[in-house]
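Written out below as structure tokens is the structure these notes cover.
As structure tokens, then:
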């Protein structure tokens, strides 16, 4: 078996006396989408913060293609792990294009002197970054609004811009924190298609969502986090039928969920209007990051 | 040896003064994450308020009776400090609650400069230092080689008492609980029915009252006030708050005594003398920020993502 | 505001017309009774306030012109009519109010602008009423965004427009600089006349902005960037040939230039990287001290006399090193603590310089006798002859400083639109997100400090030679506050803003000498008011120009995006 592209080994995180994460492990194989679900406060975002170096795990380690990642977000991004945030964090008074170009930062080389004097290599690098950024905006379906300020975009577009910005760092792994929070069913479906397209380009994805229907119809494998512990992991089919998951999280008989997922997949296939489908769980837009109130 | 003991005593008096001001910094920062540069001016304004009260309100006949005049002067100083703090909160800071971080910081700087210059221009003869009456028992307490003015002892006593009272209030009372809740998580506190405006106003009022007391007692101790004193002492107090861990009451008091001691000891023993006590305090500040940014009693800052 | 606008909507046009007519009437009325004898003016007869009825000179021309323009704006089919009318109204109100205040305070009380000795002089009051009427009328007509022109020009025509524009700018700058004449005891009304002119100019300019002209021209100049820069530079170098071409005005302009260059440097730290630096002027001081010590001045402790370019580079480098050191705590702490560290650093510098620590600053005696610059065999403080035209002394300094400002502007602009500049802005906007994008925030912030300090050190080196004396007095906390106020007044992150802010904040004290006691107080108040009502400054950064849409909705800073607010707002 080949080395997983991203691997978390027994990651634990303790805030004061609060055990936010206990020995959570995760393996992400290349070109796969892994879903991370769990109730509010289960430690999903905390886990993301550990993966991206924003937090240094109390114990355990995170490996990218077999190498241990350093506990520094900048270095982690450079190594090839990019993320989006649960509560969108764009650079509001920069333009859409500039937001994406900030994502190119680690893949550009101009140092301070080149930036001050705009030397010969400078224009070339700048143009390349601009072109790549425009391409990515096209890819996430945000063409023609390069000069808009990020703050003025509608909500769904801001989420997609955040994904474009993360992709601009040329990541091997993309971490998406509730990419469909606050979206209507059409937008959710568009996001699902976008994630599948991202997977097609060879980028592996980890996605946190509350909308389990979305997760089950998208992911190659699903991990369930409850109270800081990994409850179950496995293929959507396995997880969906696991009695512990049903009891701890879904609160519904598996057949019902199954039917709804099937219906959704069916609808997508027919390009039907997804507006009629009802969400299994209410989409929670929690304004506060979870697991941080010590 | 006797010099050292004397300087230690002086340092404790300085620390007591700084503590009263540092508490205001630490509380405001705890609640709204604002470095209120203007808090030093609240202290300065308190001193001038006290002086004005003494000059124009305290009747001539009781001016020398300290146990009558001191309470009146204290009330006057505190009233002026609190009034200024309320105006400042209402008209300068509150409209900027949701503005980017830099905005309230610049506003605080503007308020500080404005207050300082306003008093200098409009308080009679305030362009130079003004004498402040000694509205307390004159003379010194002598213990062996140490001599401390009674007003210094008063300063220490009041500072310790008020710190304990504040700590108790915040830990025990209903409003104190609301303050702590708001400091931890303003949004959740709001959902729980805490009115953030009231909490913030209360925070400013408490801080200003302490600063007002500090202003009057400082004048009584040194018998001399000027419009620059708020700015300088304010920076010392802020350093103390950072040293102790911003947001921690206990930290602010401990930090203040450390800063007081550093100031007097450095003034005595470091090259350059009192001219450079300032410099050493900043060295302490920078060392703390670099090696223990959360301060002695603070919690490490956690990134919100 | 919108409620008010709805109430006055039906009467908007008549109100504006009435206001315009009243402005014209005000210009024709006398403004001061002849019964003044208690005023402070040395020679009351010289006052232009004393014009008889119908003698329209000085500021009364401005009022008249504004009135006529209001009427034209109301009747002509122009875009953004409400905005234009309102701007003109503000101009009229400013001129009327400023002159009325000056007449009352300096010229003998309220009697001077009403009726005393049976002589009526209601010009001021009519003017104020007219100004308010026009503002209300404009608001009632409806405030739209500044118009956008779609006119495309062929290149030669565009060049012509740009040349004419910049020539007009040159004329306006010369007029503004010299308006009211040299301030001081001999000319106590310089301040009033200057402020009045400023009000007039601001009203006119905002009206031109509303009609779309300024936006169009700035777009044009962005398109022909190189040409514009060359013409602008040429215009700046032509200033000595205008009526500002005397030794005094050249010195004022050179001083403005030095502070403008420093303010642009500060703008990198504050405007781009979003770090509050409260001790910035100390870096300028370090540059000045180093340059003075390397200049061969008698009081310098280093007995070497280096050529200016080398000394200036050394000064800049040393200042830059200090900048990096002061910025280094950012590796561990977040933004606002740094403000205190910089403040502390500034104070340490002032104290050390005052007490002559290290023996380099000569303490309270300062370092006098820094020799004037001497490049290419020409002493910089001598007059300059070009053919038969003799230019006043100080011109060469002026030229040098114009080049310095141009260089600093170029550096700023290049940095802003580069990988590094984007990283700074990202840090300013959201530090955690910036780190998640792979930006090494600590290094980037130190770099901002380093670059800013280097530029300040360079400006300091020029300052040392130009002033001839380097004293710690020039580099105190209040100078840092003034520079910060200049950056914020002009608009954080904006280059023309920094120049405009520096110009205003260093010209005003020259003109308003009699108010020098209140200078800092007014700066403090200005910081508070700007942050409250116009946080984007006078000339907002292009990034923030779009936010101007929010300007009339209540002036609340719109920097914080709340997720749900943005859902429907695509205005």
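Protein chains in written order, with UniProt numbering: chain A, 1 to 294; chain B, 1 to 305; chain C, 1 to 571. Heads up, the beta-carbon is just placed ideally off N, CA and C, and yes, glycines get one too.
Think of a sphere of 8 Å around the beta carbon of residue 323 (chain C): no beta carbon from chain B falls inside it, the nearest being about 15 Å out. For the pair residue 234 (chain A) and residue 221 (chain A), the CB atoms are nearer than the 8 Å cut-off. Under the DSSP definition of a beta bridge, residue 37 (chain A) partners with A:224.
Proximity of the stretch 226–241 of chain B to the stretch 34–48 of chain B meets the contact definition, three or more beta-carbon pairs being nearer than 8 Å. Taking 8 Å as the cut-off between beta carbons, the residues of the stretch 402–435 of chain C near chain A are 411, 414, 415, 418, 419, 420, 421, 422, 423, 425, 426, 429, 430, 432, 433, 434 and 435, in sequence order. The alpha-carbon of residue 508 (chain C) is positioned some 15 Å away from that of residue 525 (chain C). At least one beta carbon of chain C lies nearer than 8 Å to the beta carbon of residue 116 (chain A). Taking a Cβ-Cβ threshold of 8 Å, the residues of chain A close to residue 440 (chain C) are 74, in chain order. With respect to the 8 Å criterion, residue 447 (chain C) and residue 73 (chain A) are not classified as neighbours on the basis of their beta carbons. With contact defined as three or more Cβ pairs closer than 8 Å, the stretch 57–68 of chain B and the stretch 184–193 of chain B are not in contact.
Here residue 131 (chain A) is exposed. Its C-beta has fewer than 16 other C-beta atoms within 10 Å. Residue 10 (chain C) sits in a helix when the DSSP states are folded into three classes.
If you ignore the 5 residues before and after residue 539 (chain C), its C-beta comes within less than 8 Å of the C-beta of 490, 491, 494, 496, 497 and 500, all in its own chain and listed in chain order. Residues of the same chain with a CB within less than 7 Å of the CB of residue 437 (chain C), apart from the 5 flanking positions on each side, are 426 in chain order. DSSP, read as helix, strand or coil, puts residue 367 (chain C) in strand. Residue 19 (chain A) is bridged by DSSP to A:14. DSSP places residue 235 (chain B) in the helix class (H, G or I) of the three-state scheme. Nearest to residue 128 (chain C) by C-alpha distance, out of C:160, C:228 and C:93, is C:93. Against chain B, the beta carbon of residue 500 (chain C) has no neighbour under 8 Å; the closest one sits roughly 18 Å away. Below the 7 Å Cβ cutoff, chain B contributes 35, 101 and 105 as neighbours of residue 336 (chain C), in chain order. Under the three-pair Cβ rule at 8 Å, the stretch 132–141 of chain C does not count as touching the stretch 194–208 of chain C.
Contact fails between the stretch 281–292 of chain C and the stretch 105–119 of chain B, because fewer than three Cβ pairs, one in each stretch, are under 8 Å apart.
Among the CB atoms of chain C, none fall inside 8 Å of the CB of residue 223 (chain A). Contact of residue 447 (chain C) with chain A by beta-carbon distance below 7 Å involves 112.
Per the C-alpha coordinates, the member of A:94, A:177 and A:223 positioned closest to residue 416 (chain C) is A:94.
Our two residues, residue 197 (chain C) and residue 186 (chain B), have alpha carbons roughly 48 Å apart in a direct line.
A distance of 8 Å or more separates the beta carbons of residue 50 (chain B) and residue 214 (chain B).
Contacts with chain C (Cβ-Cβ distance below 9 Å) from the stretch 210–239 of chain A involve no residue at all. Between the stretch 13–26 of chain B and the stretch 281–290 of chain B, the count of C-beta pairs closer than 8 Å stays below three; the two stretches do not touch. In this model, residue 169 (chain B) and residue 176 (chain B) are separated by some 6 Å (Cα to Cα). Residue 246 (chain A): not part of any beta strand (DSSP E); DSSP gives it neither H nor E.
For the pair residue 89 (chain C) and residue 5 (chain C), the CB atoms are not nearer than the 8 Å cut-off. If you draw a straight line from the Cα of residue 118 (chain B) to the Cα of residue 248 (chain C), it comes to about 32 Å. Residue contact with chain A for residue 437 (chain C): present (Cβ-Cβ distance below 8 Å to some residue of chain A). For residue 110 (chain A), no beta strand (DSSP E) segment is defined, and its DSSP state is neither H nor E. It is roughly 47 Å from the alpha-carbon of residue 291 (chain B) to the alpha-carbon of residue 251 (chain C).
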